Each structure stands twice: as C-alpha cells, then as structure tokens.
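Note that the working numbering has the sequence shown beginning at 68, numbered continuously upward.
Note that the Cβ used here is the ideal one computed from N, Cα and C, for glycine as well.
Computed from a prediction, not measured in an experiment: that's the story for all the values here.
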Amino acid sequence: MPAETTLTPWAPLLSDAGTAAALELIWREADLLDRKDYEEWDRLWAPGGHYVIPISPDGGDFTSTLNMVYDDDRMRRMRIERLTSGNSISVAAAARTVRTLSRFVIRHRDSATVQLASAQVLVGHRREETFVLGADVTHRIRLDGDEPLIEEKIVRLINSEDAVNASGFLL
Numbered sequence: 068m069p070a071e072t073t074l075t076p077w078a079p080l081l082s083d084a085g086t087a088a089a090l091e092l093i094w095r096e097a098d099l100l101d102r103k104d105y106e107e108w109d110r111l112w113a114p115g116g117h118y119v120i121p122i123s124p125d126g127g128d129f130t131s132t133l134n135m136v137y138d139d140d141r142m143r144r145m146r147i148e149r150l151t152s153g154n155s156i157s158v159a160a161a162a163r164t165v166r167t168l169s170r171f172v173i174r175h176r177d178s179a180t181v182q183l184a185s186a187q188v189l190v191g192h193r194r195e196e197t198f199v200l201g202a203d204v205t206h207r208i209r210l211d212g213d214e215p216l217i218e219e220k221i222v223r224l225i226n227s228e229d230a231v232n233a234s235g236f237l238l
C-alpha cells in the first residue's frame, strides 16, 4: 500500500508557480533593503503601488487615518531621494539591518494577484546599539505582467501605538 501523502499548510506556497514567484520577490525585496539598494527596490513596485506603515494595529482605511508612512509612487521616490542624497542626518549614520521574513500565509489568490501575510523580524545596528523590530507584513503582489510586482506593502509594527524612534531605513 502506498504511503499516504499529507499537505502541510505551506505546501500551496511552494506548489503554485505564481505564489512561489511572489515569495521570491518578497525575499529579494528584503535583500535589497538590507543592502540599501533603494533604486532597485523601487523597480519592484507596480505603478500606483502603496507602501504603508499604519499606527493602528487594526483597520484598513489608510487614506483617512493617520499612518507613520503612506507612500504612493511619488512619495516613495521622494523618500528614496532623501535616503540616498546624503543630506539627511539619519542617513549619514544609517543603521545596518538584517530582515527575516517567515510564517507566510496566503490571504488571497486569483489569476492576477496573490496576497501574502508574513512575520518580519528586523535587527538593526546603529551607533553601537542593536535593536529589534517585529511586524506583521502583508504584500499584495501583481502576477499578470512580465514579472511579479508589489502593488501594496503594509507593515504593522507590533509597537506601532508606542513612541517609535525615527528610522533611517525602510521597513
């Protein structure tokens, strides 16, 4: 009698080509951010994409609530300009970072997009101090073009309602 095959909760992540491509994009994004390659990171975004860091741990109406970050294409590029110009004090001593993303769950999948939720742990080091930031992250990835692109990234910091020091890097 053949052995019984059971699917683990992460099996759809690896067996679906579109979802696997989205995972590769998310891991590539983390690598680019850790290397501070912000221009290349910007090329991962679909036109009209939004990068959001809400203050509220709940809710989803980001246009009418206060957020730490709510960047469209123009604002994202302005942020990149500040981070790469060398004129900002926070950039002069920018933190070195290492991101780990795990606990991926498919929240939505159709022929054009996949929405993946994950946990992110970011360890940074700046001026002889090491810090850790934890967040729940949701990426909506567009799959219907030549290559997958980020349509939306929402980073919900676990301490978002507390005082969060300004960071000289992207989450």
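Practice task
Could you tell me which residues DSSP puts in a beta bridge with Ser-185?
Solution key: Val-204
Problem - Host beta strand (DSSP E) of Glu-219 (start-end) - result: 216 to 224
Practice task
Determine the extent of the beta strand (DSSP E) in which Asp-139 is found, giving its start and end residues.
Solution key: Counting along the chain, Asp-139 falls outside any beta strand (DSSP E), and DSSP gives it neither H nor E.
Problem - Environment of Pro-143 [buried if 16+ CB atoms lie within 10 Å] - result: Looking at the sequence itself, residue 143 is Arg, so the reference to Pro does not match. By the neighbour-count rule (16 or more Cβ atoms within 10 Å), Arg-143 is buried.
Exercise for the section: Output the boundary residues of the alpha helix (DSSP H) element that contains Ile-122. Expected result: Neither: Ile-122 is in no alpha helix (DSSP H) and is coded neither H nor E.
Exercise for the section: Could you tell me which of Ile-225, Arg-163, Arg-209 sits nearest to Ala-87, measuring between CA atoms? Expected result: Arg-209
Handout entry: Neighbourhood of Thr-197 by C-beta distance below 6 Å, restricted to the same chain and skipping five residues each side
Key = none
Exercise for the section: From the DSSP output, in three-state form, read off Glu-148 for me. Expected result: helix
Exercise for the section: Determine which residues share a DSSP beta bridge with Phe-198 and list them. Expected result: Gly-191
Handout entry: Cβ pair Thr-132, Pro-121 closer than 8 Å
Key = yes
Exercise for the section: List the residues that DSSP assigns as beta-bridge partners of Thr-180. Expected result: Arg-209
Practice task
Spatial neighbours of Met-68 within its chain, please: CB distance less than 6 Å, with the 5 preceding and 5 following residues excluded, ordered by chain position.
Solution key: Because the pLDDT at Met-68 is just 48, under 50, the model does not fix this residue reliably, and the value given afterwards should be weighed accordingly. Excluding sequence neighbours, Met-68 sits near nothing in its chain.
Exercise for the section: For the alpha helix (DSSP H) holding Thr-132, just list the boundary residues, first then last. Expected result: Segment: none, Thr-132 is in no alpha helix (DSSP H) and carries neither H nor E.
Handout entry: Buried or exposed (CB count within 10 angstroms, at least 16 for buried), Arg-163
Key = exposed
Problem - Reduced DSSP category for Asp-174 - H, G, I as helix; E, B as strand; rest coil - result: In the sequence as presented, Asp is not what sits at residue 174; that position holds Arg. DSSP places Arg-174 in strand when its eight states are reduced to three.
Handout entry: Rounded straight-line distance, which links the Cα of Asp-139 to that of Ile-115
Key = Residue 115 is actually Gly in this sequence, not Ile. Looking at the two C-alpha atoms, the distance is approximately 6 Å.
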